[in-house]
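Engineer: Take the sequence shown: its letters are residues 644 to 1063, numbered as in my numbering. All C-beta atoms in this analysis are idealised placements derived from N, C-alpha and C, irrespective of residue type, glycine included. Before I ask anything, let me first share the structure, which is written out below as C-alpha cells.
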Amino acid sequence: MAASTTRLWHPFSNMAAVAGCEFVVERGDGVWLWTEDGSRFLDGTGSLWYSNVGHGRVEIADAVRAQLLELDAFNIFNDFANRPALELAERLSGLAPIDDARVFLATGGGDGVETAAKLARRFWALRGEPARTHLIGRSLAFHGAHGFGTSIGGIEANREDVEPLAGDVSHVPYDSLEALGAELQRLGPERVAAVFVEPVIGAGGVLHPPTGYLEGVAGLCAESGCLLVLDEVICAFGRLGHWFAAERFGLNPDMIIFAKGVTSGYQPLGGVIVSGEIAEPFWSGEGNYFRSGQTYAGHPACCAAALVNLAIIEREDLLARSRELELALARALEPLSAHPLVGEIRAGLGLMAAVELSPQAVAGGTSVAAVFEAVREAGVLLRPLGTCLGISPPLTISEQEIELIPQAIESALDRATQSI
Ligand code: PMP
C-alpha cells in the first residue's frame, strides 16, 4: 500500500482516488470560493445544496461568536432550554404549513430522518395501531446515511453490503402514483406508518415530481390514514422559492424534515417539524416519552446561526429571488440541450437543475467524473450525480454569474468530445 498523504477519510468517496489529490477550499465570499493556491471558483452547488445565503456572511459569524461567548452550549433534554432554541422553534413552527406545529431539533438531515421514522412508528403504537410499522420510500430518493435513512432511501448502491437494514420498509417507483396506491393495497393500509417523499429528488439526480404527483400522494396518505413525511432537507428555505416546498404544492404534511438551508451551512442543524396531532400523545395528558434525541440538539450557537440566516432570507427577499432565478437558470441551460453529449436538462422547478449526459455519450466512454473535472478546470464547481451534473447555486447568485455555469459545461463537453 502506498504511503497515505492524508488521514482524512472523505464521505461518499473513493479514497484510493482522492488521497493525495485533495481540493482544499480555503475561503468563501458570496458565490465564490478560493482554494489554498489562490484560484477562484464559482460555487455552482451551494456546497451540498445548503449555502442558500452564500458564503462569508459576517452577521452570521458575529451571532455565532456572540452566542458562544454568552453560552457555549448546554443541552435541552428534560426541562432545559436556551433562548435561541426556543426562538428558532417558534419561528419554524410559524413558517411551516403544518397545523399546530412542534419542532424537534437535531444536528442534520439524517438525524431528522431517523427521528421522523421512529416518531411515526411510536405515534401509531401510542394511538393503539401498533401494526402500523411499515415505511414506504421511493426509488432514487436520498434520505441521509443513517440506518433508517439508508433503508428508506432508494439509491440502491448506498445499501450495497450494509444490509440487512431496517425491516418493514419498501420502495415504489418515484414517479408513479399507481405504484404507491398498489403498494398501500398490497401491504394493507392499516400496516403503513408513513410515506417518505422528497418534493424534488435531489441527490438521485434532480428528478421533478410528475404534475399532480405530490398532491396525489397526499390524497393516498389521507385515504389510507398513514402519515406523509416530506424530506425537505434540500427543498426548504428558498430552494423551491418558498420557505417550504409544501407551500408550492399546497400540501399540509404530518412532518417536514429540514436541515441545510436552515443555517445555510454556517452551523450544523436539522430536525423535524411535527403536526400537533402527531405531538398530541407525547404532549398531553400524562404524556409519553419519545426516547430519542442528539447530544447537540438545540445547540445555541447553531440556533443563533439559523435565526440570523432566516432573517437574511426574509430581509433580502430571497424566496422571490429564487423564483425569478429558477427561470433564469433554466433559460441559461437550455442551449446545452443541443449538445450531442447531453441527453436531458432538468430545470425550472426551484433553483436546482441537472444536466444529464446522453446514453450515447455514456456508452461512448464520456464519464460524468471527467466532465465534472473539466467544468472545475473551467472555474465552476458542480456535483456529479450518477449520469448527470447537479446545479444548485446560492440564492444570491446574479444572472451574469448563472451564465458562467453553462459556459463552463459547454467548454467541458467540447473538450470531452475532442478526447473521444
Ligand atoms: N435528506 C435529503 C433529501 C438530503 O439531501 C440529505 C443530504 N444530502 C439528507 C437527508 C441527509 O442530511 P445530512 O447529510 O445533514 O445528514
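Less than 7 Å between the CB of residue 703 and some heavy atom of the ligand PMP, yes or no?
Structural biologist: no
Engineer: Do you know how far the Cα of residue 677 is from the Cα of residue 722?
Structural biologist: 44 Å
Engineer: Pick out whichever of 773, 764 and 760 has its Cα sitting closest to the Cα of residue 787.
Structural biologist: Of 773, 764 and 760, the smallest CA-CA separation from residue 787 is found for 760.
Engineer: For residue 644 and residue 768, I'd like the C-alpha separation in whole angstroms.
Structural biologist: For residue 644, the pLDDT reaches just 49, beneath the cut-off of 50, and the residue's location in the model is therefore unreliable, although a value from the coordinates is still provided. When the Cα atoms are used, residue 644 and residue 768 turn out to be separated by approximately 52 Å.
Engineer: Output the boundary residues of the alpha helix (DSSP H) element that contains residue 719.
Structural biologist: No alpha helix (DSSP H) holds residue 719; DSSP gives it neither H nor E.
Engineer: Which residues in the same chain as residue 965 place their Cβ atom closer than 6 Å to its Cβ, once the five residues preceding and following it in sequence are excluded?
Structural biologist: Once the five neighbours on either side are set aside, the close Cβ partners of residue 965 are 881, 884, 994 and 1038.
Engineer: Anything with a beta carbon under 6 Å from a heavy atom of the ligand PMP counts; list them all in chain order.
Structural biologist: 691, 751, 752, 753, 756, 785, 786, 787, 841, 845, 846, 874, 876, 877, 902 and 913
Engineer: Mapping DSSP to helix, strand and coil, what is residue 874?
Structural biologist: strand
Engineer: I want to know whether the region 700-717 touches the region 943-957 - three or more CB-CB distances under 8 Å.
Structural biologist: yes
Engineer: In whole angstroms, give me the CA-to-CA distance for residue 648 and residue 762.
Structural biologist: 43 Å
Engineer: Under the three-state reduction of DSSP, which class applies to residue 758: helix, strand or coil?
Structural biologist: helix
Engineer: Based on the DSSP output, what are the partners of residue 995 in its beta bridges?
Structural biologist: DSSP, once it has assigned bridges, lists no residue as partnering residue 995.
Engineer: Mark residue 807 as exposed unless 16 or more other C-beta atoms lie within 10 angstroms of its C-beta, in which case mark it buried.
Structural biologist: exposed
Engineer: With H, G and I counted as helix, E and B as strand and the rest as coil, what does DSSP make of residue 651?
Structural biologist: For residue 651, the three-state secondary structure derived from DSSP is coil.
Engineer: List, from N- to C-terminal side, the alpha helix (DSSP H) runs of 4 residues or more that fit wholly inside the region 682-711.
Structural biologist: 689-692
Engineer: From residue 777 to residue 839, what does the alpha carbon distance come to, in whole angstroms?
Structural biologist: 11 Å
Engineer: Taking the CB atoms as reference points, tell me whether residue 728 and residue 978 lie closer together than 8 Å.
Structural biologist: no
Engineer: What are the boundary residues of the beta strand (DSSP E) that includes residue 1032?
Structural biologist: Counting along the chain, the beta strand (DSSP E) containing residue 1032 begins and ends at 1031-1034.
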